Each structure stands twice: as C-alpha cells, then as structure tokens.
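Please read the structure below before turning to the comments.
Residue numbers (the UniProt record's numbering), protein chains in the order written: chain D, 1 to 779; chain Z, 1 to 492.
The structure is reproduced here in structure tokens:
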C-alpha cells in the first residue's frame, strides 16, 4: 500500500527528466500509468467480504508519529475516486493543455496533490493525516496559481490557501487536543475511547476545531467563497481537486471522525445546519452565475452541503446516502467540468450569455452534458444515478434522529423544507446550465472561433464518467453491498445494514412526492428564470462574504502597517521610554506582588559627612545635566559625577579602582573636547508637555525602582558570599596579597581576557569605520 | 578531557586575532576563515558526540574549583547550540565573499565574524553569570563592528539605536548581577540555583529574576523590547543580517531558558505566567510587523519576533512538551532564519531591489531560488513535515496540556499570518509576468549554495526528527531537573 501512496511522489521526481522529451511526446503520457496502476491495485480490494487492511511504518516513534495506513470501506471509496478520476483527468489534460505550457510544473503539482490526497484518506495517525492535509491545500494553491501571470489566479490562489490553511491549523489544534486527552495518535484507538472524549469538558472545543477544518476545506457556508475563485485553475484541476476529490476531504474528515464525534446533539446541530444552509445558499447563488465554471463551482458547494448535512443526520439511511452521493457526485460533476472545459476550449469562452445553440456543433458533448445535468438535478428516470441519492437524501431528511431540545425540534421541522427548496434551485441551475449552453439561439458574433466538436481524446474521459452515471443508475445495487455498504459501515459503525436501492417506492413514498415537487416547481422556475432573477439585486454585493474576506485581507495589510508605524517611529527617545516604561510597570508590580521590598538599616556602616557631601554633589550634578542646553557644560557636569565616584572609591579604600575611574573620566572628557568642534549644535527637541511629564514619571520611577531593588537586595543578604574564599585563598593559592589583582588575573582571568578582547574589537571597529569612510570620501 | 569544553571558544578567538595580521591578503584570509570554521564545526560535533557518550563536560578554568572560579559547562543543550552556531557560521563564511565588497572583507569582517562566534559559543557554554555578561559584551562588540561595516549613513543611524539600547541592557545586566550577588553571595549559576531553592522568602529574588529576564529579553527581542531590532538587522550586509538573525536573539532566548529552568523556578505563578502573555504579544506584534512592510529583508527581520514568542511560550509553560518544543524550535529557527536571510539577500541582489512593489516574476529566471524560498516559507510557518512543525506540535501540545487555549489559538493564528507574510514575498516577488532584468545565473548559484545547505538541514531536522528528538527529550529532562546540572557542576 505504501508504494501505491508514494508512487505519485516518486514519479514527480522523474518528471523533470521526462520533460526533456516533451518536444515529441506530451509529458502526460509518461505518467498516466501511475494513477491507473494505483486504481487497479485498490480495485482488487472491492468485494462483499472486504475487511479493513492496515500497514504500519515507523517514522518518529518518540513523538508517536508513525505512518499507519488503514484501508477501510471509506478510504477504499476515496482512493478509488482519487486514482480513478485522477487517471481520467490526466488523460483529459493531455488534450486540454498544449505542449507549450509549463507541463512539468503542472504535473508535479498534480501528482503531489494525488500523493497527499491518498495520504489523507489512508492515514490512521492524526498528525500524518494533518501533514497530508496541509499538502493538499498547498498543491491546490499552486495549481490555482498555475497561470500566475494573471491577477485573478493569484487572488484565487491566495484566497484558497488562506481559508484552507486557516481550517488546517484549526484542525491541527483539534487533533492535538484529541491526542492529549486520549494519549494516542491513532484514529482507530480514539474511536474506542469515544465515551471519554464526548464526556470530556474539552469536547465542544474539539468539535469546533475539527469541524472548522472540515468546513473550510469542503467549502461550507460561509467559507465557500474560495471555491468559485479557485476556478481560475486549469479545468482538469477544477474537475479533479475542486469537485471530485480535494473538496471532499472535509466530507471525508467528518465521516472519519463521525464514530468519535457523532451521535451527539451538538454534532447533529452544527453539521446538519451548516450543510443544509450551504445546500440552499449555494444552489440559490448558482442560478445567478454567468460563467459555466462558476455555476459548476456553486453547484459543487451546494452538493457538498447536501452530503455534509446527511453526515450530520447520522442515521443509517443518511450515511448510506452520503457515501452513495460522494460517488455519484464525482461521476456527474467530473464529467460536467470536463464538458465545460471542452466548451471553453472549442469556443474560447465560458460565459453563458455568449453561448447558445451549441447542440448542433457539438452533439457528443451535448449528449454527455445532458446525462450529467439530469443526474445532478435528480430527474426521476432510472438511468440517472443522482436521482437515487437525492431520493435517499429526502428520505433521510424526513426521518431525523430523535434528539430533544427546542432548537433541535425546530431543525427537524425545517430541514425537509429547506432540502426541497435547495433541490428546486439545483434543478433550476442544472437546466439553466444545459439549455443556455446547448439549446437556444447560436450567437455567432459573440464567439471568436467557430465552434466544433472536441477531439476524440478529450471526450474519452467524460464519456467514461457518464457511462458510470448510467450504469449506476440502471444497476444501483451493483456497487451497493460490495462497496458502498463497507464505506457506510466505516462511518456508521457495525450496526449498519445494507439497504437495497430501488427505483420505485410506490406513490405513497414521501420522498417521491418531494422529488416530483422539485421537478414540477423547478421546471416552472427554470422557464420563468429571467422574470425573477431580479431578486438577486436585493442583496447588495457589498454585504457578501466575499467582500468580508477582501475587507479582512485588506485591513490585515493596512492595519498592520498602521499599527506598526504608530510605535516604530524610529525615534530612540520613544523606544527608550517604551522599554523603560514597560520594565518599570512590570517589575514594579512584581516587586509588590511578591513582597520583595525589604528595607533594613541594621548592618550599615556609619555614614560620614564627606560621603554625604560627595553623594549630594553627584546627585545635584546628575540632575543638573538634564537642564543643560550647552554641550560643554554638559561634559563638565557629567565629569563631576565621574570624579565624585572616584572620590567615593578613595573613601572606601579602593585606590586602584579610584585611579582607573579617574583615568577613564579624564580620557573621556579629553576625547569629548577633541571631537567637540565636529559635533552639531545641541538642540532641545520640542515635545508635547504631556509626553514630557510621562517621560519624567518614567525616569523618576525607574530610578526609584532600581534603588528599591538595590536596597532590598542589600537588606536580604541570605548567604555568605564566595568572596570570603577569595580573601582566604588569595595568598596560599594565588600568591598575591592584592585580592583584586589575583581575582582579575588568576581566579577570574577568563573574564579579563575577554574584556580585553572587547576593547580590542572596539578599537578595530572604530578603525575600520573611519578608514572605510575615509577611503570612500577620498574617492 | 574536560579541557575540550573551551575549544569552541578558543579556536575562533585565536583565529580572529590571527586574521588581523594579514587582513589585506584576502585570498589567504578567506581560505583560512573557511578552514578554521570547518575545523571548529568538526570539533563542536566531536564534543557533542563526547557529551552524548560521557555526559556533561565541566571545565573549571585555571583549576579554580566551582563555585569559586569560572566554569564552562558543556551539557547537551549548550553543545547542541554550539554545533548549530557553527553550522550557520559555515554557511555564512561561504556566502560572505559573494555578498561583501572587497573593502568590507579586508577591513576585519573575518575578525569580527570569528569573535562573534566566540561570544555566542561562550554565552552558550559558560556556567557563570558574570562570565555570561562578559561573553555578551564580546558578541555585542563584535556585532557593533559588523553592523557598521561599510559605514553607510543609514547603517550608522540604525546601529546607533542598536548600540544605545544594548548598552543600556548591558548596564542593567551588570547591576542585576551585583544585586543577585548581594542576596545569594555567588555568581556561579549552579550555586545560585542551589541557594535560591533553599530560600523561603523569594520576593526580591523573583524581582531580580524578572529584571534579568528583561535584560535577556532585550537581546532576545521579546515584546515590548524589540524596537531596535528590525531596522538594525536589515541595514548591514546580508551575511551579517543572517548571522544576527540566526544567532543574537537566540542567545537571549537561551539565557532565559537557562535561567528560568535552572535558577528562578520558585515563583512560576508570577514569572512564567508573565512569559506566556509576553509570548502571545510578541507573536502578534511581530507578525503584524512582518505584514506591515514591502521590504523583503524587513519581513524576515520582523519574523524573528513571533519565533521568539513561540520559544518563550514553551519556557512559560514549563512542562515537558513545552520545554522540548522550545529547544527544538530554537535549533530549527536558528537554521531557517539564517537560510531565509541568505535567500532574501540573494533575491534582493538579483532583483536589484528589496522593495516588493518593484519586483515580479523572479521565478521565470531563478526557479531554484523560488522553490527554495517556497519551502523555506513552509518551514517557517511550521507546515509538516519540516522542522518548524515538530517544534510547533510540541509547543501547542504543551499549551493544551496546561489548558492554555488563548495562547494556543494565538499560536495557530500567528502561524497562518506568518505564512501569509511569506507568501506575499512569493506571490509578488516570484510570481507574475517575466521581468526584464539582467540574468546572472552564475552569481545566483554561488549565492544560493549556502542556503541550499541550510535548507536541506532544516528538512532533515523535520523529516528525520527521530534522529534528533530523543536528544531534545534528554535535554528537557536535564533542564527540568535542576539537580542534574547542579550536581555536575558542584560535584556533590
């Protein structure tokens, strides 16, 4: 199994080599066998006696991350879709993309996607699943941005990435929480701890985290906005990622986690509500679109909403209908996308307002589209597979799980109605899609080229899909026991019993009545479409979620510039006041919270008058320095502080320190005087009095703070200092009577060595600075 | 054998001094610098191996026994960081000649470079708080030398802020060490830890600890102390930016990690709580900064701040997952930041501008650089299976274990915004129509090689996490058990 998953990745490494031949042979032909072989490999598992398979490979065992592949009915359904549709899409793309395009990149992205999508549906380890999950988002980003010289492509790519990665990160949070609670990283092991999880106080958080991941990926309302813009991708990509597979990853995720999170009222409410609202809203919006792919995008969103809703219902009929519809949707929507691509390819436009009457020019495509569209609309005829799952959907919508609660009861009442209304619009846009493209008046002057039927190669893939539509329609039980039942069991649990899917349930069946209402009302609305489309103008575009997204992204950039420019003023005075202010507030608070202030005067030496005098002089000088506008007097005043310090050293019997300090002061003053004449005029920067007083408060406060900490440290001498050892050992071990000297050159000689180094570097840096500038100016 | 602990400091020190004497013979200096850097890397790896086999190496310098003399402590954490430092040094030394002007190289770039490595390695290895201050001075002085190298007006303007604020924090550092010495009577880190544990009334110690935290936070660029960082990191040459971005802030973070797992763990309700909030603010403000500009170098420089926030988060959590997350993230971030700085440096050089609004379609001419940058962005944003993911996974797990959901959500959101800030560069700089510029494939290749090396390591650090994570796990155990550090230094 691992070879099957990694095969697309390995082949991407070879693509750059193959592309050297692209002059003669389209790159697609070389790599087409890969998904076909994967499909053949997995199709062998299909059968009534299927049991889950698992394979395990160690990766990061110390973090409980291992590559565990778990193939159950659900994963089998998805791997077959991924590899099956994948093969058809690659075949289709060979005719769709010309050799002059950047095929190398295209197929690399596509196969990375295939690889990661296979990984998502097969991984049992949550973190490996997450890894693959993010890679599906990223490869989708690259594929949408494939024609990156187009502004719209870049916009769509970024939008899809931001929304899906946002969801991905949320999913990540949910998965970590799950793994912390259950102390395992395996989904199957988590299922066994369902009781622990659903009764845990963090359950709501997990639910929200994981569902956000699923809803963003599967384009559920209001996160659906990225999908229509994703249509900027080449059509094979739209058919593959943005209708058949990637967008179903969210569906997959909800299905996969249903045994853990499902069966709870909160799960039912959230998932059903989002699903059913998405179904309605997107089908309603689809009618407004003018771009063929735009209609299909909204249609995809709406169909995903329907599947999501069924997963939310969680009854066995609903689950079965959901997996059934996953398969059906892939067949009819995949073929419709391919037809849309063909229309675009052969006429040069996808704008339905410019299209019409293409039936005569493209009879094959029109026939294929007819099957796809009628299946999507759920027309009750036995060769449209969409009808069966639509009818099962109605059936499940009237038999919802019996949770209690006011809101739940309201939902139970409302869902069947919304389901019907949503389906009516589905019917309307399906008819609109077909009739406005293939029937009606041919608008010759609108098209740049004369339309003609697509090359045979391009028609192969949609024909195979339409064949699937018809075959499943005629023999729905062919895929039932051997295939779909296993998928449903994986979601619902062992209590699932396979249903026989029947075309005819008798006139008594409420689902049939709902279907008939849909067809009836739908036909009327479809015919009168032009008369009521004005309802769309009721909603101003400014209030759409798209505008909200644009507003958020826009304000992220503008807002962050604004915020950053407010405080990153480039002024050192501001920075110093921010820094000192925050240190002051936080440290001051902590000093008082922790009762850190201790003031004791017990062990102080008596203070003599000379000390007081020197201290006062220094203090006055320091304060005076603030009020000086003259640089020369400033230097002298600061000098007073320094010299005062050396006097203090003398009083405290540290003559060597006093000498050092004296030299330092003298040299500093001398240096200042030397460069004095080169310095600019000292200006008193104007500042607001309020700012001034804040700065005053900060500086005084900081001084007080340091003093307080100093006194408190002095007052809490808790241990005997190690200096006693130095004094004792100075002569016996160091051989010197001056302890300071022994410390400097022996006991802590390393410090001294590096302090000297520091001085050396400083000298060298100054020399280099002057020399380099000097040389530059000399030029 | 304990002498080996000083080699990673001694080798670059001596090399730095030697290069002064023939600084104009540039070919010789280059060769010498590369050779010594590789040697130093080899030595560091060997010490690392030795430490893994035999445990922590403690050197009592001048045979003055601990806690009286200065000790060098090569435990796993320290030596791993020294190895990472030398890896970055290797990449930078091979990049230097392609990005610096001949004059800059001649005027002691290599000396400052070696002394910077000396200071950084010393700060990782020392077991003495005052000695840590000394190594801070070494690395800062060397960085002053590097930041003004070239002497452009803008460099002098920004470096002045850098120097002033860092001087202030150094002053505060030495004052705080004096206060601490007054209370506990020692500056040996192990003994401080030992004595702090014995104290019951801890208010003043907590306060001193916080002041020390602010000192380190200034170097580590934590909110609200990072104002000096973004601009001063982009004015020097690319290779200097890469060294700074990878090494300097990380020394600050390392110091916080060391001090607040070893010494100040008495009042975690106050100190570590504070860290978590500052971590959250660093993440948010840092990434907001990264989104605020169109200057590609500045975007990377701002991205240092949220990364620092992530590491601080783990320290604040102070649980197994949090600390291992911080350590993993620390090593990962050193490598990826260096790689990214080198890459945007190369991009700015090849595009002739670092302004995104003036750049487009570079991927048409430099596909390799584009894809490297794309992968680098994923690494930075913590997308699996790259190295950022491992650290982020651990940190978030640590956060959830402590039920700190606010910071977890902020962390997730920050990851998204980091990705957005990087994708802005990718989409505006690399995507788009083919630009009309002079193509320099040869120069591009030379500029890219060091980044390729670092990026490969970053990928290995992610996919091959199993080779590294067990060591990080051991480091965490060592960090959370103060006794092991104290015993190995004080030998009781």
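Where a beta carbon is used, it is the ideal one built from N, C-alpha and C, also for glycine.
A quick note: this is a predicted structure, and the numbers were derived from the prediction, not measured.
query: Which bits of chain Z does residue 26 of chain D rub up against, with CB to CB less than 8 angstroms?
result: Near residue 26 of chain D there are no residues of chain Z at all, since even the closest Cβ is about 21 angstroms away, more than 8 angstroms.
Interface partners of residue 142 of chain Z on chain D, CB under 7 angstroms: 761
task: For chain D, find out if any of its Cβ atoms is closer than 7 angstroms to the Cβ of residue 161 of chain Z; answer yes or no.
output: Contacts with chain D at 7 angstroms (Cβ-Cβ) include residue 161 of chain Z.
message: So if DSSP puts residue 157 of chain D in a beta bridge, which residue, or which two residues, is it bridged to?
response: None; residue 157 of chain D has no bridge partner.
- prompt: Any idea if residue 102 of chain D is buried or exposed, counting beta-carbon neighbours within 10 angstroms, 16 or more meaning buried?
  reply: Of the other Cβ atoms in all chains shown, fewer than 16 fall within 10 Å of the Cβ of residue 102 of chain D; this residue is therefore exposed.
task: Output, in sequence order along the chain, the residues in the segment 279-305 of chain Z whose CB is closer than 7 angstroms to any CB in chain D.
output: Going along the segment 279-305 of chain Z in chain order, one finds 288, 289, 291, 292 with a Cβ nearer than 7 angstroms to chain D.
query: What alpha helix (DSSP H) runs, 4 residues minimum, are completely inside the segment 9-82 of chain Z?
result: 26-54
Residue range of the unbroken alpha helix (DSSP H) whose run includes residue 350 of chain Z: 320-351
message: Extract the residue ranges of the beta strand (DSSP E) inside the segment 388-472 of chain D, only unbroken runs of 3 or more that lie entirely within it.
response: Runs found: none.
- prompt: For chain D, is any of its Cβ atoms less than 7 angstroms away from the one on residue 496 of chain Z?
  reply: Given a span of 1 to 492 for chain Z in the structure shown, any question on residue 496 of chain Z remains unanswerable.
query: In chain order, what residues of the same chain lie with their CB nearer than 6 angstroms to the CB of residue 111 of chain Z, ignoring the 5 residues before and after it?
result: Cβ within range, chain order: 16, 19, 20.
- request: Return the chain-ordered list of same chain residues with a C-beta closer than 6 angstroms to the C-beta of residue 194 of chain Z, the five sequence neighbours on each side being excluded.
  value: Cβ neighbours of residue 194 of chain Z beyond the five flanking positions: 486.
- prompt: Is it true that the segment 343-351 of chain Z meets the segment 227-245 of chain Z, where meeting means three or more beta-carbon pairs spaced less than 8 angstroms apart?
  reply: yes
field: Contact the segment 265-272 of chain Z vs the segment 362-377 of chain Z: 3+ CB pairs below 8 angstroms
entry: no
Option in D/640, D/380, D/355 with minimal Cα separation from residue 441 of chain D: D/355
query: If you measure beta-carbon to beta-carbon, which residues of the segment 739-763 of chain D are closer than 7 angstroms to chain Z?
result: 746, 747, 748, 749, 750, 751, 754, 755, 757, 758, 761, 762
- prompt: Does the segment 79-95 of chain Z come within contact of the segment 43-60 of chain Z, defined as at least 3 CB pairs closer than 8 angstroms?
  reply: At 8 angstroms Cβ cutoff, the stretches touch.
message: For residue 274 of chain Z, tell me which candidate among Z/290, Z/143, Z/317, Z/286 has the shortest Cα-Cα distance.
response: With distances taken between Cα atoms, residue 274 of chain Z lies closest to Z/317.
- prompt: Based on Cα-Cα distance, which residue from Z/401, Z/246, Z/252 lies nearest to residue 322 of chain Z?
  reply: Z/401
query: According to a CB-to-CB cut-off of less than 7 angstroms, which residues of the segment 594-608 of chain D neighbour chain Z?
result: Result list: 594, 595, 596, 598.
message: Is the beta carbon of residue 325 of chain D closer than 7 angstroms to that of residue 238 of chain D?
response: no
Three-state secondary structure (DSSP) of residue 188 of chain Z: If DSSP states are grouped into helix, strand and coil, residue 188 of chain Z belongs with the strands.
Assumed close pair residue 328 of chain Z, residue 391 of chain Z - CB separation to whole angstroms, cut-off 8 angstroms: Contact flag correct, Cβ pair sits at about 4 angstroms.
- prompt: Any residues in the segment 57-87 of chain D with a beta carbon nearer than 9 angstroms to a beta carbon of chain Z? Which ones, in chain order?
  reply: Hits within the stretch, in order: 58, 59, 60, 61, 62, 63, 65.
- request: May I have a chain-ordered list of the alpha helix (DSSP H) segments no shorter than 4 residues that lie completely inside the segment 352-392 of chain D?
  value: List check, alpha helix (DSSP H) in window: 363-377.
- request: Please state if the CB of residue 132 of chain D and the CB of residue 116 of chain D are separated by a distance shorter than 7 angstroms.
  value: Yes, the pair counts as a contact, with Cβ atoms nearer than the cut-off.
Among D/545, D/45, D/395, D/485, nearest to residue 159 of chain D - alpha-carbon criterion: If we check each option's Cα against that of residue 159 of chain D, D/545 comes out closest.
message: I want to verify the contact list: residues of chain D whose CB lies under 8 angstroms from the CB of residue 224 of chain Z, in sequence order.
response: 578, 579, 582
- prompt: In chain Z, which residues lie less than 7 angstroms from residue 165 of chain D when you measure between Cβ atoms?
  reply: Result: 416, 419.
- request: Over the uninterrupted beta strand (DSSP E) stretch that includes residue 453 of chain Z, give me the two end residues.
  value: Unbroken run through residue 453 of chain Z is the alpha helix (DSSP H), 441-463; no beta strand (DSSP E).
message: Below 8 angstroms on C-beta distance, what does residue 96 of chain Z contact in chain D?
response: Those do not exist, as residue 96 of chain Z stays about 15 angstroms from chain D at its closest Cβ, beyond 8 angstroms.
field: the segment 222-232 of chain D / the segment 66-82 of chain D touching (three or more Cβ pairs under 8 angstroms)
entry: no
Listed by chain order, chain B residues near residue 150 of chain Z by CB distance under 8 angstroms: Given the protein chain composition of this structure (D and Z), no chain B is represented.
- prompt: Is the distance from the Cβ of residue 396 of chain D to the Cβ of residue 321 of chain D below 7 angstroms?
  reply: yes
- prompt: If you pair each beta-carbon of the segment 357-373 of chain D with each one of the segment 474-491 of chain D, do three or more pairs fall below 8 angstroms?
  reply: no
query: Would you call residue 655 of chain D buried or exposed, if buried means 16 or more other Cβ atoms sit within 10 Å of its Cβ?
result: exposed
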